[in-house]
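Novice: Okay, so the sequence shown: first residue is 13 according to this note's numbering, each after it adds one.
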Amino acid sequence: MDVITPVDHFKLASTHDRTQICRRGDPHACRAIPKAEAIVKARAAVFFQGPQKILAAIGANGVKTIASPNDYDGLTVECFAATGRDEHVEWCFSDEGVLLSFLRGSATNGWQSVEASRVS
Numbered sequence: 013m014d015v016i017t018p019v020d021h022f023k024l025a026s027t028h029d030r031t032q033i034c035r036r037g038d039p040h041a042c043r044a045i046p047k048a049e050a051i052v053k054a055r056a057a058v059f060f061q062g063p064q065k066i067l068a069a070i071g072a073n074g075v076k077t078i079a080s081p082n083d084y085d086g087l088t089v090e091c092f093a094a095t096g097r098d099e100h101v102e103w104c105f106s107d108e109g110v111l112l113s114f115l116r117g118s119a120t121n122g123w124q125s126v127e128a129s130r131v132s
């Protein structure tokens with residue numbers, strides 16, 4: 013996962029047995045970090061929450077199906093959106109249930125998003 017924040021840019025690589033963080037511009041400047049630390053650094057805790065918990069957090073009453081905002085190289089994609097009091101959320105999944113993109117935020121509080129760059 014490439015992580016870009018207002019103050020940093022790095023890559024996180026996570027497998028079943030380890031997680032590494034690599035600084036931008038130097039592929040050899042990688043070090044192992046605990047998965048919990050990687051989740052915090054990537055601000056990715058939301059990806060481990062179920063949709064119902066996210067809907068409750070933003071105060072959304074329901075979910076609607078939307079068109080895919082991107083082309084995923086011929087993959088069949090199903091996308092959903094929900095709007096709460098102050099936030100909007102969108103998810104897109106492949107046929108196999110792989111999360112391909114996620115968007116959450118608002119114009120006033122900023123946006124958090126992740127998108128698959130490759131699917132294999």
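No residue lacks a Cβ here, since even glycine has one placed at the ideal position from N, Cα and C.
Report all residues from its chain with a CB closer than 6 Å to the CB of residue 128; omit the five preceding and five following residues, and keep chain order.
Specialist: Same-chain partners within the cutoff: 112.
Novice: Taking a contact to mean a Cβ-Cβ separation below 8 Å, would you say residue 27 touches residue 47 in this structure?
Specialist: The answer is no: Cβ separation not under 8 Å.
Novice: What are the start and end residues of each continuous beta strand (DSSP E) run of 3 or more residues lying completely inside the region 72-108, in chain order?
Specialist: For the region 72-108, whole beta strand (DSSP E) runs of length 3 or above, ordered along the chain, are 76-78, 89-95 and 100-106.
Novice: DSSP on residue 45, reduced to helix/strand/coil?
Specialist: In this structure, residue 45 counts as coil in the three-state DSSP scheme.
Novice: Can the beta-carbon of residue 118 be found closer than 8 Å to that of residue 87?
Specialist: No, they are not a contact pair.
Novice: Helix, strand or coil: how does DSSP classify residue 54 here?
Specialist: Coil.
Novice: Quick one: grab the DSSP three-state call for residue 25.
Specialist: Strand.
Novice: Tell me whether the beta-carbon of residue 96 lies closer than 8 Å to the beta-carbon of residue 79.
Specialist: No, Cβ-Cβ distance for residue 96 and residue 79 is not below 8 Å.
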